[in-house]
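Peer 1: Each protein sequence line maps, in turn, to chains A and B.
The first sequence finishes on residue 894 if you use numbering that gives the first Met the number 0, and the numbering steps up by one all the way, no holes.
The second sequence finishes on residue 119 if you use numbering that gives the first Met the number 0, and the numbering steps up by one all the way, no holes.
Have a look at this one before I ask anything.
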Amino acid sequence: MTRLDVALVALILRLFPRAFRDRFGDELLAAYQEQRDALATTRPRPGRAVRAHALRTMAGLLRSVAAVHAQGRRRRSSFASDHRPHGTTTMQHLAGDLRLTMRLLRKQPGFAAVAILTLALGIGANTAVFSVLNSVILAPLPYDEPRQLVRLYTTSAEHPERREFLTGPDILDVREQIAAFSSIGINYTYREQGADLTTRDGQPERIRVMPVSADYFATLRATPLIGRTFERAEEREGTRRVILSHALWTAIAGRDPGMIGRTIELNGETHEVIGVMRPTFQDVVTGDVNAWIPANLERTESNQRGNHYLTAIARLERGITLAQAQAQVDALMKRLAEEFPDSNADRLLRVVPLHEDVVGESASAVYVLMGASGLVLLIACLNVANLFITRAIAQSRDTAIRTALGAGRQRLIGQRLTESLVVAAVGGAVGSLVAWWGVKVLLAVSPTSLPRAESVGFDPRLLAFAIVVTAVTGLLFGAWPALRAARADPRDALHDGSRGNTGGRASRRARGALVASQVSVSLMLLVGAGVLIRSFIARQNVDLGFQSAEVATFEVHLPQARYAAPESRARFHDAYMSRLRTLPGVEAVAVTSWLPANGRYHVWGYGIRDAAGEREWLAAQVRVIDGDFLGAMRVPLIQGRSFAESDGLDTAGVALISHSLATRVYGASDPLGQRFRMSGRDFTVVGVTGNAAQDASGAETDVVYLTHDQFAANRNWALTYVVRTNGHPEQVIAPARNVLGELDRALVLHQPRTMDAVLARHRSRERFTMLLMGTFAAIALSLAAVGVYGVLSYAVTQRTHEMGVRMALGAHPSHIRSIVIRQGLVIAGVGMAAGLAGALALSQVLDSLAFGVSPRDPVVFVTVSLVLAAVVVLAAYVPARRATRVDPLESLRAG
Amino acid sequence: MAPGSPDPRNFLPLTPLDFQVLTLLAAREHHGYGIVQASAEAFPEQPALDLGSLYRIISRMLDEGLIREVAAPAESPSDRRVRRYYLATRLGRAVARAEASRLQDLLASPATLALLEARR
Chain A
0 MTRLDVALVA
10 LILRLFPRAF
20 RDRFGDELLA
30 AYQEQRDALA
40 TTRPRPGRAV
50 RAHALRTMAG
60 LLRSVAAVHA
70 QGRRRRSSFA
80 SDHRPHGTTT
90 MQHLAGDLRL
100 TMRLLRKQPG
110 FAAVAILTLA
120 LGIGANTAVF
130 SVLNSVILAP
140 LPYDEPRQLV
150 RLYTTSAEHP
160 ERREFLTGPD
170 ILDVREQIAA
180 FSSIGINYTY
190 REQGADLTTR
200 DGQPERIRVM
210 PVSADYFATL
220 RATPLIGRTF
230 ERAEEREGTR
240 RVILSHALWT
250 AIAGRDPGMI
260 GRTIELNGET
270 HEVIGVMRPT
280 FQDVVTGDVN
290 AWIPANLERT
300 ESNQRGNHYL
310 TAIARLERGI
320 TLAQAQAQVD
330 ALMKRLAEEF
340 PDSNADRLLR
350 VVPLHEDVVG
360 ESASAVYVLM
370 GASGLVLLIA
380 CLNVANLFIT
390 RAIAQSRDTA
400 IRTALGAGRQ
410 RLIGQRLTES
420 LVVAAVGGAV
430 GSLVAWWGVK
440 VLLAVSPTSL
450 PRAESVGFDP
460 RLLAFAIVVT
470 AVTGLLFGAW
480 PALRAARADP
490 RDALHDGSRG
500 NTGGRASRRA
510 RGALVASQVS
520 VSLMLLVGAG
530 VLIRSFIARQ
540 NVDLGFQSAE
550 VATFEVHLPQ
560 ARYAAPESRA
570 RFHDAYMSRL
580 RTLPGVEAVA
590 VTSWLPANGR
600 YHVWGYGIRD
610 AAGEREWLAA
620 QVRVIDGDFL
630 GAMRVPLIQG
640 RSFAESDGLD
650 TAGVALISHS
660 LATRVYGASD
670 PLGQRFRMSG
680 RDFTVVGVTG
690 NAAQDASGAE
700 TDVVYLTHDQ
710 FAANRNWALT
720 YVVRTNGHPE
730 QVIAPARNVL
740 GELDRALVLH
750 QPRTMDAVLA
760 RHRSRERFTM
770 LLMGTFAAIA
780 LSLAAVGVYG
790 VLSYAVTQRT
800 HEMGVRMALG
810 AHPSHIRSIV
820 IRQGLVIAGV
830 GMAAGLAGAL
840 ALSQVLDSLA
850 FGVSPRDPVV
860 FVTVSLVLAA
870 VVVLAAYVPA
880 RRATRVDPLE
890 SLRAG
Chain B
0 MAPGSPDPRN
10 FLPLTPLDFQ
20 VLTLLAAREH
30 HGYGIVQASA
40 EAFPEQPALD
50 LGSLYRIISR
60 MLDEGLIREV
70 AAPAESPSDR
80 RVRRYYLATR
90 LGRAVARAEA
100 SRLQDLLASP
110 ATLALLEARR
C-alpha cells in the first residue's frame with residue numbers, strides 16, 4: 000500500500016494535459032502524500048482511512064480529466080479558433096477512437112482476450128523478475144552512504160580467489176594503522192555464537208548472539224533506539240553486557256524502556272542490557288541476529304596471527320578510493336609479513352565493496368533471469384503484433400471503404416494506434432496483477448536462495464517501465480499495419496476483397512517472419528532451461544562421498560557455565576549418544592563440529608616435517624567427531640581403523656585423514672602411523688577415510704578428523720548430531736528431544752533438519768533459477784505454438800477455395816494435411832535455425848550457471864529442437880485437419 | 000468593481016465545491032492540502048473535497064482570474080514539500096460574495112422556507 004498508491008496517482012496524472020501536469024503535478028503528489036501521512040495516524044483503522052483517501056483522490060482525478068482537457072481547449076481556442084474549421088478537436092477524435100476501439104474489441108472478445116493475456120504474461124513476468132533484481136541487486140544496502148562500505152578478507156598470493164576470515168592481530172593492526180578507513184566494524188560470525196537465553200519461565204531458548212567490536216554499529220551508521228552501544232574498553236573477555244535487537248526486546252520485555260540496566264541470562268551468565276537497536280537495523284552479512292555482545296579483541300594467546308575467525312566491515316574515509324585503501328592495506332601486510340614471517344608470509348588482505356560481497360554470487364543468476372523474462376516480453380509483443388497484422392488484413396476492406404468515403408489517413412492511423420494502446424494498457428493492468436502475484440510466488444519459492452530476499456517488494460516504478468515498453472511496442476507494431484492500410488489504394492483492396500483473398504504476399508511473409516522470430520526466441524529460452532535442468536540433475540547426482548538419505552541432524556550446545564570441564568562435555572555427549580542409539584529405528588549416531596557439504600570451516604595448519612626436517616604448514620579443515628561418524632554418514636574407511644573407546648584424554652592424539660589429504664601429503668608412502676602437529680598438539684594418523692565433499696556441488700577438500708573425547712578441551716565445541724535411521728529421519732526428532740530433556744532439562748535441541756534438507760538449502764538458488772527459467776521457456780513455447788496456430792489457421796481460411804479445388808480433383812486428405820503442416824514446419828525451421836545460432840551465441844552467459852554440462856550441450860540442443868518441432872507439428876495439425884474437412888462443393892460455390 | 004472587469008454574476012451559480020474553495024481562499028491564503036483541511040473543518044456537512052477535484056478547480060479558477068498564487072506566509076513551515084499558496088483575487092472575492100448572497104436569497108425565498116417548514 001505504501002508506494003503503489005502514489006504511483007497510481009502519478010499514473011493517472013499522465014492522463015492530464017502536459018501544461019496541467021507541469022503546473023500542478025508535483026504539488027498535487029506532495030499534498031496527496033501529506034494528507035496520507037496525516038491520515039495514517041488516525042485511529043482506529045488508519046489503513047482504511049488511507050485507502051479511502053487514495054480511492055477518493057483517484058476518483059476525483061479521473062472525473063477531472065475531461066474537464067481539464069476541455070478547459071485547456073477553451074483557452075487555446077480563444078486564440079486560435081480558426082485552426083479547427085470543422086469544430087472537432089483532438090479530444091473528440093480520441094474519444095471517438097476510444098469508443099470505436101471498445102466497440103471493435105467487444106465485437107472480437109477472443110482477439111482482445113488473447114492479446115491482453117499475452118501482454119499481461121509478458122509484462123507480469125518482467126515486472127516480477129525486475130522487482131527482485133531491483134531490490135536484491137540494484138538497490139543500495141540499507142545503510143547511510145553504502146558505497147563507502149567495504150568488507151575485508153584474508154587471501155593469499157597463491158590462492159587469490161579464496162576469501163578467508165581475518166585474524167585478530169591483523170585486523171587490529173589495520174584498525175590502528177590504516178588511515179583510509181574512517182572506522183572498522185569487527186564481528187565474530189562463527190556459528191558457535193548462539194546462546195541459550197533463559198527466559199522468565201526458566202525455559203531456555205536458543206538465540207543468535209554476535210560478538211562485535213565497539214565501532215561495529217558506528218561503521219554501519221546505526222544508532223541505538225535506546226541506551227548505548229559498546230565502547231573500546233569493553234572489547235575484552237568477561238564483559239557481561241548485551242545489546243538487544245528490537246525483535247528480542249519486543250519478545251522478552253514487551254518493549255519496556257526500563258529494560259536498560261536490567262540483566263538477562265545468556266548461557267547461564269548474567270548480562271547487563273545496555274541498549275536496544277532500531278527495528279530497521281539489519282546486518283546484511285550475517286542476517287538475523289537477536290543480540291550483540293562485545294567481541295574479545297585483546298591481543299592474547301588465543302588471539303594469534305594463525306587463528307582466522309573474524310569478519311570486518313570498514314567505511315572508507317571520504318574521498319578515498321577502493322584502490323587507495325587496498326594500496327595502504329597491501330603496504331601494511333608487507334610490513335607484517337616481514338615482521339611475522341611464520342604466520343604472515345604470503346598473506347594478503349583484500350578489500351571488497353560490501354555490495355558486491357553481498358550480492359555477488361546471485362547476480363549472474365538474476366541477470367540471466369532478467370534477460371529471459373525480457374525475451375518472454377519480446378515474444379509476447381511479437382505475438383500481439385501478429386494478431387494486429389492479421390486483424391488489419393481482415394479489416395482492409397473496411398479500411399478501404401472508410402478511405403474511399405474520405406476518412407483521412409491520420410484518422411485511420413490514429414484509430415489503429417488507439418487500439419494498440421488500449422490493448423497495451425489493459426494488458427499492463429492485468430500484468431500488474433500477474434506481477435504482484437509473481438513476486439509472492441518468487442519469494443515463496445526462494446526464501447533462502449537470494450540475499451536480501453526480505454527486502455524484495457513490488458515496485459510500481461517497474462510496472463510503469465513495463466507499461467511504457469509495451470506501449471512503445473504496441474505503437475511500433477500497431478503503426479506498421481496502420482500505415483500500410485492507410486497507404487493502400489482503396490480500389491485494390493475492394494477488388495481484392497471481392498475475391499475473398501486478402502493479405503497479399505508481403506503481409507503473409509511478414510507474419511511468417513514474426514512467427515519464425517517467436518520460434519527462434521523460444522528455442523533460446525528452451526536451451527537455457529534445458530542447460531539449467533541438466534545442471535540441476537547433475538548437481539543432484541554428484542557423488543558427495545557420503546549418503547544423506549535417512550539421516551537426521553540437530554545441534555546441542557552445552558552452556559559453558561554448567562559444562563566448564565572438558566570431561567563433563569565429553570561425558571554428556573557420550574551419554575546422550577548411547578541413549579539415542581537405543582531409540583527405535585536408529586542405526587548409527589555421531590556428532591561432528593561441522594556437517595559435510597556445508598561449506599569451508601575451520602581451516603587449520605597441518606604441520607609436517609619436510610625432507611630436511613623443517614616444519615612445513617599445509618591447510619586442512621578440521622572436523623571434531625565422536626560416535627560412529629563414518630557409519631552414520633556412510634563415509635568409507637579406506638585404510639587403518641576408526642576412533643576407539645580407548646582413544647581418550649590421557650592417551651596419545653590420533654587422527655583420521657581424508658584420502659585427498661593423504662595423497663597430497665604422503666603421496667605413495669603409507670599414511671598410517673605418520674605424525675603431524677595441529678593446534679599445538681601432536682597427532683598420529685590411524686586411518687584414512689573417503690572424501691566427503693565440502694559443498695553441495697561436490698568440491699573435494701582435505702579433512703582431518705579428531706575425536707571429541709581427546710579434543711574437548713580445545714574449546715566448547717558446538718556439536719551437530721547426525722542420526723542415521725532406517726527410514727524416517729524426521730520421526731527421530733521428537734524422541735531425541737525427550738531423551739535430551741531427561742538428561743538435562745535446560746538444553747535445547749536446536750535446528751532439527753534432515754541431511755537432505757541441509758543439502759536442498761544449498762541447492763535452493765539453482766532450483767529457483769531452474770524453475771523460473773523453465774516457467775519462462777514454457778510460456779515462450781506456448782506463445783510460439785499459439786503464433787504458429789494462428790498463422791496457419793488463418794492461411795487455411797484464406798485457402799479454403801484452393802483446398803476445395805484440390806479435394807474436388809481427388810487430393811487425399813493426408814496430402815492436404817501435409818501441405819498445411821509443411822507450411823508450419825518451413826516457418827518453424829527458419830525460426831529454429833536462427834534460434835540455434837542465437838542460443839550458441841548466447842551460451843556463454845550460462846557459463847557461470849552451468850554445472851556438469853556444457854552450455855553448448857548437444858543433448859540439450861537436439862532435445863529442445865525435437866520438442867519444439869513436435870509442438871509446431873501439433874499446433875499445425877489442428878488447422879491442417881480443418882483444411883481436410885472443407886466441403887469441395889461449398890468452397891467452390893462460395894468462391 | 001473596476002471598469003472593464005468581468006461581472007461576477009457571469010460566474011454564477013458555482014458548484015458546491017467551487018464555492019467552498021473560493022470562500023476559503025477569500026478569507027486567507029492556503030496551500031492545496033490546507034484547502035482540503037480547512038474545507039473539512041469549515042464545511043463538515045458538505046460534500047468532501049478531494050485533491051483530484053481540487054486541482055481541477057484551482058487550475059480553472061487561476062485561468063478565470065478568480066484566484067492567484069501568492070507568496071507563502073512567513074510563519075509557514077519550510078520543508079522540502081512543494082507548497083504553493085493561493086488567495087482569491089478581488090474578482091474571486093466578489094464572485095464568492097455574489098454566490099453567497101444568491102444562496103441567501105434562495106434560502107430566504109418563501110418556497111424554500113415553506114419546504115423547510117414542512118419538514119418539521
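C-beta: ideal position from N, C-alpha, C; glycine also.
Please list the partners that LEU60 (chain A) has in chain B, where partner means a Cβ-to-Cβ separation under 9 Å.
Peer 2: Within the first sequence, the letter at position 61 stands for residue 60 (chain A). Ordered by position in chain B, the residues that pass the 9 Å Cβ test against LEU60 (chain A) are ASP49, LEU50, GLY51, SER52, TYR54, ARG55.
Peer 1: Pull up the distance between the alpha-carbon of ALA156 (chain A) and that of ARG162 (chain A), whole angstroms please.
Peer 2: Against the first sequence, residue 156 (chain A) aligns to sequence position 157. Against the first sequence, residue 162 (chain A) aligns to sequence position 163. Whole-angstrom Cα-Cα distance: 12 Å.
Peer 1: When DSSP builds the beta bridges, which residues end up paired with THR153 (chain A)?
Peer 2: Along the first sequence, one-based indexing puts residue 153 (chain A) at 154. Answer is A:GLU163, A:LEU348.
Peer 1: Taking CB distances under 8 Å as the criterion, tell me whether ASP62 (chain B) reaches chain A.
Peer 2: For this step, residue 62 (chain B) is matched to residue 63 along the second sequence. True, the Cβ-Cβ gap to chain A drops below 8 Å.
Peer 1: Which whole-angstrom value describes the C-beta separation of ILE66 (chain B) and TYR85 (chain B), a residue pair presumed to lie in contact below a C-beta threshold of 8 Å?
Peer 2: What you label residue 66 (chain B) is simply residue 67 of the second sequence in a count that begins at 1. What you label residue 85 (chain B) is simply residue 86 of the second sequence in a count that begins at 1. About 5 Å separates the CB atoms of ILE66 (chain B) and TYR85 (chain B); that is less than 8 Å, so the two are in contact.
Peer 1: List, in chain order, every chain A residue whose beta-carbon is nearer than 9 Å to that of VAL35 (chain B).
Peer 2: By 1-based counting over the second sequence, the position of residue 35 (chain B) is 36. Neighbours of VAL35 (chain B) on chain A, chain order: ALA30, GLN34.
Peer 1: Please look up how many angstroms separate the CB atoms of GLU98 (chain B) and PHE18 (chain B), rounded, as I've assumed it's under 8 Å.
Peer 2: By one-based count along the second sequence, residue 98 (chain B) stands at place 99. By one-based count along the second sequence, residue 18 (chain B) stands at place 19. Indeed they touch by this definition, with Cβ atoms about 5 Å apart.
Peer 1: With 8 Å as the C-beta to C-beta threshold (strictly closer), list the residues of the region 91 to 102 of chain B near chain A in chain order.
Peer 2: Listed by position along the chain: nothing, the set is empty.
Peer 1: Is there a Cβ of chain B sitting closer than 8 Å to that of LEU27 (chain A), yes or no?
Peer 2: On the first sequence, position 28 is the one that residue 27 (chain A) refers to. Yes, because at least one Cβ of chain B sits closer than 8 Å to the Cβ of LEU27 (chain A).
Peer 1: What residues of chain A sit near ARG59 (chain B), judged by a beta carbon separation below 7 Å?
Peer 2: Here residue 59 (chain B) is taken as the residue at index 60 of the second sequence, counted from 1. Neighbours of ARG59 (chain B) on chain A, chain order: GLN70.
Peer 1: Please list the partners that ARG83 (chain B) has in chain A, where partner means a Cβ-to-Cβ separation under 7 Å.
Peer 2: Position 84 of the second sequence, counting from 1, holds the residue named residue 83 (chain B). Here the neighbours are GLU26.
Peer 1: Quick one: is THR650 (chain A) buried, meaning 16 or more other Cβ sit within 10 Å of its Cβ, or exposed?
Peer 2: Counting from one through the first sequence, the residue named residue 650 (chain A) turns up at place 651. So THR650 (chain A) ends up on the exposed side.
Peer 1: Pick helix, strand or coil for ASN186 (chain A), following the three-state DSSP scheme.
Peer 2: Taking the first residue of the first sequence as position 1, residue 186 (chain A) is located at position 187. ASN186 (chain A): strand per DSSP, three-state reduction.
Peer 1: With a cut-off of 8 Å on the beta carbons, I'd call LEU376 (chain A) and ILE115 (chain A) a contact; round off their distance for me.
Peer 2: Here residue 376 (chain A) is taken as the residue at index 377 of the first sequence, counted from 1. Here residue 115 (chain A) is taken as the residue at index 116 of the first sequence, counted from 1. Not really, about 14 Å apart at Cβ, beyond 8 Å.
Peer 1: Jot down the residue ranges of each uninterrupted alpha helix (DSSP H) in the region 306 to 355 of chain A, minimum 4 residues, whole runs only, in chain order.
Peer 2: 321 to 338, 340 to 343
Peer 1: At a Cβ threshold of 8 Å, is MET276 (chain A) touching chain B?
Peer 2: For the purposes of this step, residue 276 (chain A) is taken as residue 277 along the first sequence, with counting starting at 1. Not one chain B Cβ lies under 8 Å of MET276 (chain A).
Peer 1: Run down chain B in chain order and give the residues with a C-beta less than 8 Å from the C-beta of ARG905 (chain A).
Peer 2: What the structure shows of chain A is the stretch from 0 to 894, and residue 905 (chain A) is not part of that stretch, so it cannot be assessed.
Peer 1: If contact is defined by three or more beta carbon pairs under 8 Å, each pair taking one atom from either stretch, is the region 704 to 721 of chain A in contact with the region 613 to 631 of chain A?
Peer 2: They touch, by the three-pair rule.
Peer 1: Should THR40 (chain A) be flagged as near chain B, meaning a C-beta pair shorter than 8 Å?
Peer 2: Here the question's residue 40 (chain A) lines up with position 41 in the first sequence. No, because no Cβ of chain B sits closer than 8 Å to the Cβ of THR40 (chain A).
Peer 1: Which full runs of the alpha helix (DSSP H) of 4+ residues lie inside the region 23 to 88 of chain B, going along the chain?
Peer 2: 31 to 41, 50 to 63
Peer 1: Give me the chain B residues within the contact set of VAL67 (chain A), using Cβ-Cβ distance strictly less than 9 Å, ordered along the chain.
Peer 2: Residue numbering aside, residue 67 (chain A) sits at position 68 when the first sequence is read from its first letter. Going along chain B in sequence order, the residues near VAL67 (chain A) (Cβ under 9 Å) are TYR54, ARG55, SER58, ARG59.
Peer 1: Is there a Cβ from chain B that is less than 8 Å from the Cβ of ARG55 (chain A)?
Peer 2: To locate residue 55 (chain A), count along the first sequence from 1; it is residue 56. Judged by the 8 Å Cβ criterion, ARG55 (chain A) is in contact with chain B.
Peer 1: Please classify LEU24 (chain B) as buried or exposed, where buried requires at least 16 other C-beta atoms within 10 Å of its C-beta.
Peer 2: By 1-based counting over the second sequence, the position of residue 24 (chain B) is 25. Of the residues assessed, LEU24 (chain B) falls on the buried side of the cut-off, its CB having 16 or more other CB atoms within 10 angstroms.
Peer 1: Can you name the start and end residues of the alpha helix (DSSP H) that GLN822 (chain A) belongs to?
Peer 2: Numbered from its first residue, the first sequence carries residue 822 (chain A) at position 823. 812 to 841 is the extent of the alpha helix (DSSP H) around GLN822 (chain A).
Peer 1: Could you compute how far the alpha carbon of ALA39 (chain A) sits from the alpha carbon of ALA48 (chain A)?
Peer 2: Numbered from its first residue, the first sequence carries residue 39 (chain A) at position 40. Numbered from its first residue, the first sequence carries residue 48 (chain A) at position 49. Those two C-alpha atoms are separated by around 7 Å.
Peer 1: How is the alpha helix (DSSP H) around MET258 (chain A) delimited, first residue to last?
Peer 2: As a position in the first sequence, residue 258 (chain A) is number 259, starting the count at 1. No alpha helix (DSSP H) holds MET258 (chain A); DSSP gives it neither H nor E.
Peer 1: Starting from TRP593 (chain A), trace the alpha helix (DSSP H) both ways and give me its first and last residue.
Peer 2: As a working note, residue 593 (chain A) is residue 594 in the first sequence. Note, TRP593 (chain A): premise wrong, no alpha helix (DSSP H); not H, not E.
Peer 1: Just to make sure I have the definition right: I need the residues of chain B whose C-beta is within less than 7 Å of the C-beta of PHE19 (chain A). Which are they?
Peer 2: Along the first sequence, read from residue 1 onward, the residue named residue 19 (chain A) stands at position 20. Taking a Cβ-Cβ threshold of 7 Å, the residues of chain B close to PHE19 (chain A) are SER58, in chain order.
Peer 1: Is there a C-beta anywhere in chain B that falls below 8 Å from the one on SER63 (chain A)?
Peer 2: In the first sequence, counting from the first residue as 1, residue 63 (chain A) sits at position 64. Taking Cβ atoms only, chain B reaches closer than 8 Å to SER63 (chain A), which makes this a yes.
Peer 1: Keeping to the same chain, check which residues put their C-beta closer than 6 Å to that of VAL69 (chain B); ignore five residues upstream and five downstream.
Peer 2: As a position in the second sequence, residue 69 (chain B) is number 70, starting the count at 1. The answer, listed in chain order, is GLU28, TYR84, LEU86.
Peer 1: Based on Cα-Cα distance, which residue from A:TYR793, A:VAL8, A:VAL885 lies nearest to ILE388 (chain A)?
Peer 2: Along the first sequence, one-based indexing puts residue 388 (chain A) at 389. Of the candidates A:TYR793, A:VAL8, A:VAL885, the one whose C-alpha sits nearest the C-alpha of ILE388 (chain A) is A:TYR793.
Peer 1: Below 8 Å, can you find three or more Cβ-Cβ pairs linking the region 674 to 685 of chain A to the region 595 to 606 of chain A?
Peer 2: yes
Peer 1: Is DSSP giving TRP291 (chain A) helix, strand or coil here?
Peer 2: Here residue 291 (chain A) refers to the residue found at position 292 when the first sequence is read from its first residue. In the structure shown, TRP291 (chain A) sits in a strand (DSSP, three-state: E or B).
Peer 1: Looking only at DSSP bridge pairs, what is TYR720 (chain A) linked to?
Peer 2: As a first step, residue 720 (chain A) is located in the first sequence; it is residue number 721 there, counting from the start. Beta-bridge pairing by DSSP links TYR720 (chain A) to A:PHE553, A:VAL590.
Peer 1: Are the beta-carbon atoms of LEU718 (chain A) and SER847 (chain A) separated by less than 8 Å?
Peer 2: As a working mapping, residue 718 (chain A) is identified with position 719 in the first sequence. As a working mapping, residue 847 (chain A) is identified with position 848 in the first sequence. At a Cβ-Cβ threshold of 8 Å, LEU718 (chain A) and SER847 (chain A) do not count as neighbours.
Peer 1: At a cut-off of 7 Å, is ALA515 (chain A) close to the ligand PLP when judged by its beta-carbon and the heavy atoms of the ligand?
Peer 2: Of ligands this structure carries none, so the ligand PLP is not represented either.
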